[in-house]
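For what it's worth, the numbering used here labels the leading residue of the first sequence as 0, then goes sequentially.
From the three backbone atoms N, C-alpha and C, an ideal C-beta is built for every residue, glycine too.
Quick caveat, the model's predicted, so the values are computed rather than measured.
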Amino acid sequence: MERIQSIRGMRDLLPADMPLWQFVEGTARDLLSRFNYSEIRTPLLEPTALFARGIGEATDIVAKEMYTFADRDGESVTLRPEGTASAVRAYLEHNLANELPLNRLWYLGPMFRHERPQKGRFRQFYQLGVELLGAAHPAADAEMIEILWEFAAALSLRAVSVHLNSLGCAACRPGYREALVEYFTGRVGELCPTCTERLHKNPLRVLDCKVEGCRRAAEGAPHMLDKLCAECAAHFDAVRAYLDQLGIAYALDHRLMRGLDYYTRTTFELLAEGLGAQNAVAGGGRYDGLVEMLGGRPTPAIGFAAGLDRIVMLLAEQGARAPEAPLVFVVALDTESHKSALSLMRELRRSGLRVECDVRCGSIKSQMKLADRRGARLALILGEEELRTGTVTLKDLAAAESADKQSRVPRQGLDALIRDKLRLRVSEEMRP
RNA sequence: GUGAGUGUAGCUCAAUUGGUAGAGCGCCAGACUGUGGAUCUGGAUGUCGAGGGUUCGAGCCCCUUCACUCACCCCA
0 MERIQSIRGM RDLLPADMPL WQFVEGTARD LLSRFNYSEI RTPLLEPTAL FARGIGEATD
60 IVAKEMYTFA DRDGESVTLR PEGTASAVRA YLEHNLANEL PLNRLWYLGP MFRHERPQKG
120 RFRQFYQLGV ELLGAAHPAA DAEMIEILWE FAAALSLRAV SVHLNSLGCA ACRPGYREAL
180 VEYFTGRVGE LCPTCTERLH KNPLRVLDCK VEGCRRAAEG APHMLDKLCA ECAAHFDAVR
240 AYLDQLGIAY ALDHRLMRGL DYYTRTTFEL LAEGLGAQNA VAGGGRYDGL VEMLGGRPTP
300 AIGFAAGLDR IVMLLAEQGA RAPEAPLVFV VALDTESHKS ALSLMRELRR SGLRVECDVR
360 CGSIKSQMKL ADRRGARLAL ILGEEELRTG TVTLKDLAAA ESADKQSRVP RQGLDALIRD
420 KLRLRVSEEM RP
């Protein structure tokens with residue numbers, strides 16, 4: 000019998016992986032609530048037209064990476080390849096703009112793209128998205144980048160850097176594009192075959208080609224930042240001033256482009272070392288045109304998406320350990336003890352402690368062994384003796400062999416005693 | 001979609017020029033039947049990714065196929 004396994008590019012996040020994931024997600028929730036952003040949850044499945052219109056028909060995502068199929072009634076539906084289009088759709092569908100002039104939103108969940116998997120890239124992957132709708136002011140750009148910066152800081156992400164660029168607007172980008180084509184046309188000979196093609200389809204992409212020859216050819220290319228119109232230039236300068244005020248370090252990166260059609264003006268990325276070729280941890284920017292493209296009134300907006308798979312991978316490589324509540328393991332030696340243990344465990348759990356036992360009810364040895372495997376901090380042993388005297392044997396599994404490693408304590412008020420013991424050990428460990 | 005590499009016990013890997021599988025770790029059980037993590041002893045486990053071919057004989061050679069990994073492309 001052939002065993003069924005998960006679909007290519009779609010992986011299981013196993014129990015051992017989850018503490019880090021929960022740490023990352025918890026950190027995001029906590030941070031965003033302090034910036035007073037509201038969570039929004041949208042369906043995984045949307046009408047195909049939403050993405051075709053929002054992201055751009057010509058982008059790779061729409062042209063060849065979407066999970067698109069006919070629903071039972073024939074409607075073309077698509078598993079969301081990113082979150083912004085859905086968030087904006089919901090924003091318009093429920094008239095959120097009418098309730099508030101400024102909407103701060105975030106979401107977190109799986110996205111789907113039918114790409115060839117590789118390190119840091121999956122067909123089902125998780126993104127944290129943050130969107131700020133209704134503000135054209137550069138202060139909004141700065142807030143968005145600050146959130147990303149604070150997120151990285153709260154996670155203690157090492158070896159990451161913020162890259163910043165401006166893509167200009169409908170007024171100045173076409174001019175830049177022309178200048179770029181003109182520049183590269185003069186050195187077609189130095190470009191790789193793909194770039195020769197790109198030159199006509201998407202000249203901006205030539206800038207971030209990895210081939211050595213193209214990189215050299217791109218060195219003297221004109222910069223978007225030099226071709227910005229007066230408004231875009233002023234906007235960008237203001238954003239930079241805010242970032243300086245906040246002490247946020249960034250690198251100007253004139254080769255930083257966005258693959259989705261809806262981006263304008265400010266774009267930024269959080270890049271990390273140690274992720275292989277997929278080194279972008281988060282990316283975002285201003286998308287002043289999207290709301291209107293999706294049928295709403297012209298509304299300025301900015302946002303970013305962070306790749307949680309990559310962040311978790313980075314943290315794991317940096318040896319990060321997610322904090323976990325200490326575990327109390329109850330060991331019962333016979334049927335009577337086990338009955339009594341049930342009540343004890345309920346009590347302790349209701350008092351907020353994390354408690355489990357070995358429901359296989361085997362020998363004390365195998366129970367102790369499981370306690371150890373599970374990483375328990377304390378073992379509570381219940382046997383005939385303890386039942387008779389109204390006590391439990393408390394063993395500190397993490398302590399070195401010593402007189403107070405194990406002791407007989409009264410069952411009354413046990414949870415307070417345990418809390419004391421755990422606090423003590425925690426404070427000991429926190430000393431450098 | 002393109003290219004390269006890899007597929008042998010739960011995990012990491014080994015198997016001389018083709019002679020029908022082994023180690024470490026892990027797991028389970030024992031070592032004065034009320035005590036884990038160290039040590040010792042014993043034990044279970046593989047259709048050698050799948051299908052076909054060559055051969056007296058294939059984990060090793062050939063073909064096909066699938067999966068995984070990394071890179072390109074693109075992106076988070």
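task: Provide the residue span of the alpha helix (DSSP H) that contains C231, from first to last.
output: Taken as a continuous stretch (DSSP letters only), the alpha helix (DSSP H) holding C231 covers A229 to L245.
task: Answer yes or no: do A305 and L127 have a C-beta to C-beta separation smaller than 9 Å?
output: yes
- prompt: Do the CB positions of V23 and V311 come within less than 9 Å of each other?
  reply: yes
message: Looking at the secondary structure, which residues open and close the alpha helix (DSSP H) in which K394 lies?
response: Note, K394: premise wrong, no alpha helix (DSSP H); beta strand (DSSP E) at T390 to D395.
field: Cβ pair L313, G53 closer than 9 Å
entry: At least 9 Å separates the beta-carbon of L313 from that of G53.
- prompt: Among the residues of its own chain, which have a CB less than 7 Å from the CB of W148, if the five just before and after it don't count?
  reply: V161 and I247
query: How should N97 be labelled, buried or exposed, when 16 other C-beta atoms within 10 angstroms of its C-beta is the threshold for buried?
result: exposed
field: Enclosing beta strand (DSSP E) for S165 [first to last residue]
entry: Here the beta strand (DSSP E) through S165 covers V159 to S165.
message: Please give me, in chain order, every unbroken run of the alpha helix (DSSP H) with length at least 4 that falls completely inside the segment 87-154.
response: 95-98 and 137-153
Pair within 9 Å by beta-carbon distance, N102 and F267: no
- prompt: Would you report the Cα separation of E428 and E218, rounded to the nearest angstrom?
  reply: For E428, the predicted model reports a pLDDT of 47, less than 50, meaning its position is unreliable and no value from the coordinates is stated.
field: Sheet register partners of F328 (DSSP bridge)
entry: E355 and A378
query: Using the C-alpha atoms, what's the distance from L332 back to M367?
result: 11 Å
field: C-alpha gap between G174 and R71, whole angstroms
entry: 47 Å
query: Short check: CB of L326 to CB of R373, under 9 Å?
result: yes
Cutoff 6 Å; reference V159; Cβ partners in own chain excluding five residues on either side: The residues are A151, L269 and A271.
- prompt: If you drop the 5 nearest sequence neighbours on each side, which residues of the same chain put their C-beta closer than 8 Å to that of R309?
  reply: The residues G119, A271, L274, Q277, A279 and V280, in chain order, have a CB closer than 8 Å to that of R309 in the same chain once the five nearest residues on each side in sequence are set aside.
task: Take A378 as the anchor and find which of L19, G8 and L393 has the nearest alpha-carbon.
output: L393
- request: Using three-state DSSP, classify E428 as helix, strand or coil.
  value: Legend: pLDDT at E428 = 47, less than 50; position of this residue unreliable, value from coordinates given subsequently. E428 falls in the helix class under three-state DSSP.
field: C-beta atoms of C231 and G188 nearer than 9 Å
entry: Contact flag unset, no.
message: Measuring only the C-alpha atoms, how far is S350 from Y286?
response: 49 Å
- prompt: In the structure shown, what three-state DSSP assignment does G361 receive?
  reply: Three-state result, G361: coil.
message: Am I right that R376 and L396 are in contact with their C-beta atoms under 8 Å? What's the rounded C-beta distance?
response: 6 Å
task: Please classify S339: does DSSP put it in a helix, a strand, or coil?
output: In this structure, S339 counts as helix in the three-state DSSP scheme.
query: Helix, strand or coil: which one does DSSP assign to Q366?
result: Note: Q366 maps to helix in three-state DSSP.
query: Per DSSP, what kind of secondary structure is E323 in: helix, strand or coil?
result: coil
query: When you compare each of A398, R239 and Y106 to R40 by their alpha carbons, which one comes out closest?
result: Y106
task: Following the continuous alpha helix (DSSP H) through I301, name the residue where it begins and the one where it ends.
output: Element bounds for I301: not the alpha helix (DSSP H) but the beta strand (DSSP E), A300 to G306.
message: Taking only three categories from DSSP, how would you classify H317?
response: The sequence as given places Gln at residue 317; His does not occur at that position. The answer is coil: DSSP assigns Q317 none of H, G, I, E or B.
message: With the cut-off set at 9 Å, would you say I146 and L31 are in Cβ contact?
response: Result yes, Cβ atoms of I146 and L31 sit closer than 9 Å.
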